[in-house]
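Novice:
Okay, here's the thing in structure tokens:
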């Protein structure tokens, strides 16, 4: 039965004569996916969506994106506690978006971003939480190993996060 359903499906649309090989169909799908992977993430193009995703990251207890004011020592004291009693706020400040594994500042992402920010840092795209984030801020899901600085890695992250990257709805 599955074979009949597949043949019927192949007889529709581009495959009207039923002679298209599965490999050709896979190639068409692969090319369509590659085109999607090269689009700018939706939050970089939609201010309302970006703001919704960012606000969620600020409010979620397991993310706590911040601080709003980079000189807010209280935020850095709390953030340091997350890493244990031997971590100082000064050390904690070094674990920020600018060196997070999910912070994308690749050339292709720069094209997706609006203009520059202030002297304290730059904008990048957060692949964990899907919003434009500032390099001097941080969150509780920070992970060492970044930033993403080349297009190939950026496309790889987008391919692995395609739904979140292209979804026009805020993340819940």
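In this note's numbering, the protein residues as written are 13 to 184.
Cβ coordinates follow ideal geometry from the N, Cα and C atoms, glycine included.
All of these numbers come straight from a predicted model, not from anything done at the bench.
#1: Along the alpha helix (DSSP H) that carries residue 91, what are the first and last residues, could you check?
#2: Between the C-alpha atoms of residue 185 and residue 68, what's the straight-line distance to the nearest angstrom?
#3: Is the distance from the Cβ of residue 78 to the Cβ of residue 87 below 7 angstroms?
#4: Measure the alpha-carbon distance for residue 83 versus residue 120 and round it to whole angstroms.
#5: Can you tell me where the alpha helix (DSSP H) with residue 144 in it begins and where it stops?
#6: Buried or exposed for residue 157, please, with buried defined as at least 16 other CB atoms from any protein chain shown within 10 angstroms of its CB.
#7: For residue 124, which three-state DSSP category applies?
#8: With DSSP run on the structure shown, which of helix, strand or coil describes residue 163?
#9: State the start and end residues of the unbroken beta strand (DSSP E) segment that holds residue 135.
#10: Using a threshold of 7 angstroms, state whether the C-beta atoms of residue 166 and residue 118 are closer than that.
#11: Can you tell me which of the three DSSP states residue 109 falls into?
#12: Using the beta-carbon count (16 or more within 10 Å), is residue 71 buried or exposed?
Specialist: Taking the coordinates as given:
#1: 85-94
#2: With the chain covering only 13 through 184, there is no way to say anything about residue 185.
#3: yes
#4: 31 angstroms
#5: Run containing residue 144: none in the alpha helix (DSSP H); it sits in the beta strand (DSSP E), 143-146.
#6: exposed
#7: helix
#8: helix
#9: 135-138
#10: yes
#11: helix
#12: exposed
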